[in-house]
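Student: Numbering (my numbering), first residue to last: 2 to 381. Here a beta-carbon is modelled for each residue, glycine too, at the ideal position from N, C-alpha and C. Supplied in structure tokens, the structure appears directly below.
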């Protein structure tokens with residue numbers, strides 16, 4: 002078993018890590034204060050290929066394998082998590098359904114613009130009545146001639162305020178229950194009857210904007226049906242499954258950044274006449290942080306490899322997401338403890354990571370849902 006990434010992936014990972022630390026991190030306060038990722042940073046990200054990570058080369062993307070994408074996601078985790086959230090929501094669940102299920106015409110229409118960042122994507126499944134219980138979706142899509150008429154409300158939709166394309170999950174056949182759902186490609190800025198609510202005010206992940214998406218008799222061309230009609234709840238959630246390993250990789254990068262910050266602080270902060278790195282209590286926290294990083298990294302690498310091999314990863318993707326996001330929570334807490342009062346101050350990146358990481362245990366399936374998936378697969 003060779004856990005060494007290929008040379009080209011190591012080089013790209015290093016390039017993205019440098020970009021996050023030298024270009025994005027210095028502007029973290031600007032992102033925090035404005036709740037907006039500067040356009041010039043998004044353009045730089047596009048030039049680095051970040052918007053086209055999962056898009057095939059024939060459509061202008063980078064066409065990375067899952068292993069390659071996750072290596073990049075880990076590097077992105079080293080910098081501002083709101084910035085990383087914009088990219089990952091687009092390149093992961095915002096794009097994967099179209100790449101996997103799209104017709105040649107759909108891919109030609111959307112993927113080239115998505116690869117350049119001209120058209121930012123998102124995935125709309127969550128509703129006021131359906132979060133963890135995604136089978137309780139109320140948004141309806143009624144077939145009328147050569148269109149589908151959508152009515153309903155989605156909320157907490159990542160990238161919605163800036164999205165040029167949303168993959169929307171709606172009910173097309175209520176009589177079939179969870180098997181009566183379909184996916185649609187919706188251009189919110191160009192479709193009458195689609196409106197975006199006010200931007201959500203979140204605890205953290207500033208700049209990664211989310212909002213409600215309201216459908217009021219919105220007519221979607223039948224040609225924008227993604228995949229088969231009534232593709233079903235299980236298949237719809239399959240779009241989310243591969244995204245979970247990406248979250249595990251981003252969490253690993255965030256943990257690495259927190260450990261690096263903690264080591265640097267422990268070596269320079271003196272108490273009782275010596276650096277706090279000399280105290281066994283601090284050393285134990287640093288060791289525990291590294292253990293969390295190493296185990297999380299092995300997990301995301303294994304699951305990414307399984308995806309690329311075409312294996313069923315429903316359980317293992319949940320294992321990777323659960324372990325890495327829960328571990329990140331503990332690492333962030335330890336990083337604040339090592340930093341002491343400084344770690345509680347707004348000027349500290351440790352404080353920002355402490356807020357930002359909390360969302361990762363909730364979106365794309367809560368920790369509790371991941372355990373249900375794992376247990377269900379074990380008992381099946």
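Sorted by chain position, which residues of the same chain lie with C-beta nearer than 7 Å to residue 288's C-beta, five sequence neighbours on each side aside?
Tutor: For residue 288, where only same-chain residues beyond five positions count, there are no Cβ hits under 7 Å.
Student: Considering just the uninterrupted stretch of the alpha helix (DSSP H) at residue 350, what are its terminal residues?
Tutor: Where residue 350 is concerned, the enclosing alpha helix (DSSP H) stretches over 350-357.
Student: How do the region 192-206 and the region 244-261 stand: do at least 3 beta-carbon pairs fall below 8 Å, yes or no?
Tutor: no
Student: Could you check the C-alpha separation between residue 376 and residue 41 for me, to the nearest Å?
Tutor: 45 Å
Student: Is residue 215 closer than 8 Å to residue 154 when the C-beta atoms are compared?
Tutor: yes
Student: Along the beta strand (DSSP E) that carries residue 154, what are the first and last residues, could you check?
Tutor: 148-159
Student: What do you reckon, are the CB atoms on residue 106 and residue 224 nearer than 8 Å?
Tutor: yes
Student: Measure the alpha-carbon distance for residue 395 versus residue 274 and round it to whole angstroms.
Tutor: This structure leaves residue 395 out entirely; the chain is present only between 2 and 381.
Student: For residue 336, report the span of its alpha helix (DSSP H) as first-last.
Tutor: 315-340
Student: Determine the burial state of residue 119: buried for a count of at least 16 other Cβ atoms within 10 Å of its Cβ, exposed for fewer.
Tutor: exposed
Student: Distance, Cα to Cα, residue 17 vs residue 46?
Tutor: In this structure, the alpha-carbon of residue 17 lies about 9 Å from that of residue 46.
Student: Which full runs of the beta strand (DSSP E) of 3+ residues lie inside the region 200-262, going along the chain?
Tutor: 211-222
Student: Taking residue 84 as part of the alpha helix (DSSP H), name the residues at either end of that continuous run.
Tutor: 82-92
Student: Answer yes or no: do residue 192 and residue 95 have a C-beta to C-beta separation smaller than 8 Å?
Tutor: no
Student: Would you give the residue range spanned by the alpha helix (DSSP H) that residue 67 belongs to?
Tutor: 67-77
Student: Looking at C-beta atoms only, is the number of pairs between the region 278-294 and the region 343-351 that lie closer than 8 Å three or more?
Tutor: The region 278-294, when compared against the region 343-351, does not touch it at the 8 Å Cβ threshold.
Student: Alpha carbons only, please: which of 179, 127, 374 is nearest the one belonging to residue 321?
Tutor: 374
Student: Out of 296, 380, 318, state which residue places its alpha-carbon closest to the alpha-carbon of residue 306.
Tutor: In terms of Cα proximity to residue 306, the closest of 296, 380, 318 is 318.
Student: Give the straight-line distance between the Cα atoms of residue 29 and residue 144, rounded to the nearest whole angstrom.
Tutor: 46 Å
Student: For residue 57, which of helix, strand or coil comes out of DSSP?
Tutor: coil
Student: Measuring CA to CA, which of 232, 187, 126, 194 is closest to residue 173?
Tutor: 232
Student: By a C-beta neighbour count over all protein chains shown, 10 Å radius and 16 as the cutoff for buried, is residue 160 buried or exposed?
Tutor: buried
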